Amino acid sequence: MAGKRKSRRGFGRVRKLPSGRFQVRYPGPDGVLRPADRTFATTTDADRWLMRKRIEIEEGRWLDPAEGQTTVRDWSARWLAAVSPQLKHKTQASYKSLINSLINPALGDRELSSLRPITITEWVGAMRTKGLSASRIRQAYRVLSQITQSAVDNDMIPQTPCRGVKLPRMPQTEPHILTPLEASRIVKSATKPHDLLIALLAYAGLRVGEAFALRRVDIDVSGGFVLVDENLAEANGALVFDTPKSHQKRLLRVGPSLAKRLGRHLETLPGGEDALLFTTPGGKPLRYNQWRKAYFDPAVSAAGLTDVTPHDLRASHGKWVADRYGVMTAAHRLGHSNASVTTRHYARPVAGRDDQVAEAADAWLGEEGEGGNSEVHQPH
-6 MAGKRKSRRG FGRVRKLPSG RFQVRYPGPD GVLRPADRTF ATTTDADRWL
44 MRKRIEIEEG RWLDPAEGQT TVRDWSARWL AAVSPQLKHK TQASYKSLIN
94 SLINPALGDR ELSSLRPITI TEWVGAMRTK GLSASRIRQA YRVLSQITQS
144 AVDNDMIPQT PCRGVKLPRM PQTEPHILTP LEASRIVKSA TKPHDLLIAL
194 LAYAGLRVGE AFALRRVDID VSGGFVLVDE NLAEANGALV FDTPKSHQKR
244 LLRVGPSLAK RLGRHLETLP GGEDALLFTT PGGKPLRYNQ WRKAYFDPAV
294 SAAGLTDVTP HDLRASHGKW VADRYGVMTA AHRLGHSNAS VTTRHYARPV
344 AGRDDQVAEA ADAWLGEEGE GGNSEVHQPH
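Read in the working numbering, the sequence shown has 96 at position 103, and its numbers run on one by one without any break.
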């Protein structure tokens, strides 16, 4: 009687374990034998798994399991070191803080390949339970998402676990839009030269950090121009001069009266071309919290106003410009790289304006009905 034919397996090896299950080993593209990530109940199941693995390798979709065993802590450190040269100093500090305080304590010892969407959902839920703000949670999630996507891009894991995760909603906060007269009252109520700094926020639309970073060389009094090419920010308690947000340097035209006031202020400044326009009494760069408490908030109170932030002046400028001169002009003055940002934040309906449009539309309709072919006045 002929003996039972032994099947010949062309790829990989299968052996029966004492438990009765089957263990698989297969050669990677480098020829090194690697074990499967699980055992199988039958040789048929083992052969099917080997067939799929062989196709993965032949199609170039195979990932080395050892890469996925890299921990979140180790990969996040490598990722941050790689991207830091392209980041602003404040962003670097923010990413590092989020990794050290929120990502590594919870996930740092986990292997990248072990992360699943449910893992990330549980992590987000734990942060909410601890009472972290929606903003902080979303920031941490965005950083982890970049870290894991980088792992995908570098063939360490097949897909990012940061997918389908529901994040807490950001509270809708509307800026306090001032009238030009209200802004003028704040400027007039401020002590010198901080009245001039506040005027630049309201009537040039500068960010606070951009105003803090202005130097003598940035002011063209005769032409009425202000060059915005630096931003002063705090990163982990240290003051850092960097490019403006989104790296949007811009040349702004200011009104003649504001230009003259800037010119008079320049005459009082010590130092050379690089001298800062606004400093502490000791000549040091300004810090936001200290400046606001010492100079801005008292000016707001003296103007008879409440709940006004320095950013509200910039938002008000954006609203005034967008309403009268269009969103594109506002985007340029505010230094937005995309006009959609301006539209989202500053192109808001003015109270009562919709009623005015309805009345005008009714008049246009009346003109059409009465005159038949009469020319309809176009809205401005």
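Ideal placement from N, C-alpha and C gives every residue a C-beta, glycine not left out.
Source: prediction; values computed, not measured.
The region 74 to 84 in contact with the region 146 to 156 per 3-pair CB rule at 8 Å: no
Bridge partners - phenylalanine 4, DSSP secondary structure assignment: Looking at the DSSP assignment, phenylalanine 4 forms no beta bridge with any residue, so it has no partner.
Reduced DSSP category for proline 291 - H, G, I as helix; E, B as strand; rest coil: helix
Buried or exposed by the 16-neighbour rule on C-beta atoms within 10 Å, applied to proline 78: exposed
Separation of alanine 183 from alanine 344, as counted between CA atoms: Confidence in alanine 344 is poor, its pLDDT being 48 and thus under 50, which makes the residue's placement too unreliable to answer from.
Burial state of histidine 304 (16 or more Cβ within 10 Å): Result: exposed.
Counted within 10 angstroms of its Cβ, other Cβ atoms place tyrosine 196 as buried (16 or more) or exposed: buried
Continuous beta strand (DSSP E) stretch holding phenylalanine 234: start and end: 231 to 235
Alanine 99 beta carbon less than 7 Å from that of arginine 390: In the structure displayed, the chain extends from -6 to 373; residue 390 sits before or after that span and is not available.
Distance CB(tyrosine 19)-CB(leucine 43) smaller than 7 Å: The answer is yes: Cβ separation under 7 Å.
Cβ-based burial, asparagine 282 [other Cβ within 10 Å; buried from 16]: Label assigned to asparagine 282: exposed.
Simplified DSSP state of lysine 277, which is helix, strand or coil: Note: lysine 277 maps to coil in three-state DSSP.
8 Å Cβ shell around histidine 187 - same chain, five flanking residues per side excluded: For histidine 187, where only same-chain residues beyond five positions count, the Cβ hits under 8 Å are Phe271, Trp284, Tyr288, Phe289, Ala292.
Residues near leucine 232 by beta carbon distance below 8 Å, same chain, minus five either side: Leu225, Ala226, Pro278, Arg280
Cβ pair count under 8 Å reaching 3, the region 248 to 258 against the region 167 to 175: no
Valine 382 - containing alpha helix (DSSP H), residue span: No answer is possible for residue 382: it lies beyond the span of the chain, which begins at -6 and ends at 373.
Exposed unless 16 or more other CB atoms sit within 10 angstroms - verdict on proline 154: buried
DSSP-derived helix/strand/coil call for serine 12: coil
Where the beta strand (DSSP E) through arginine 246 begins and ends: That run of the beta strand (DSSP E) goes 243 to 246.
Alpha helix (DSSP H) runs wholly inside the region 156 to 223, at least 4 long, in chain order: 173 to 182, 187 to 197, 201 to 205
First and last residue of the uninterrupted alpha helix (DSSP H) at arginine 121: First-last of the alpha helix (DSSP H) with arginine 121: 110 to 122.
Beta carbon of valine 219 nearer than 7 Å to that of leucine 245: yes
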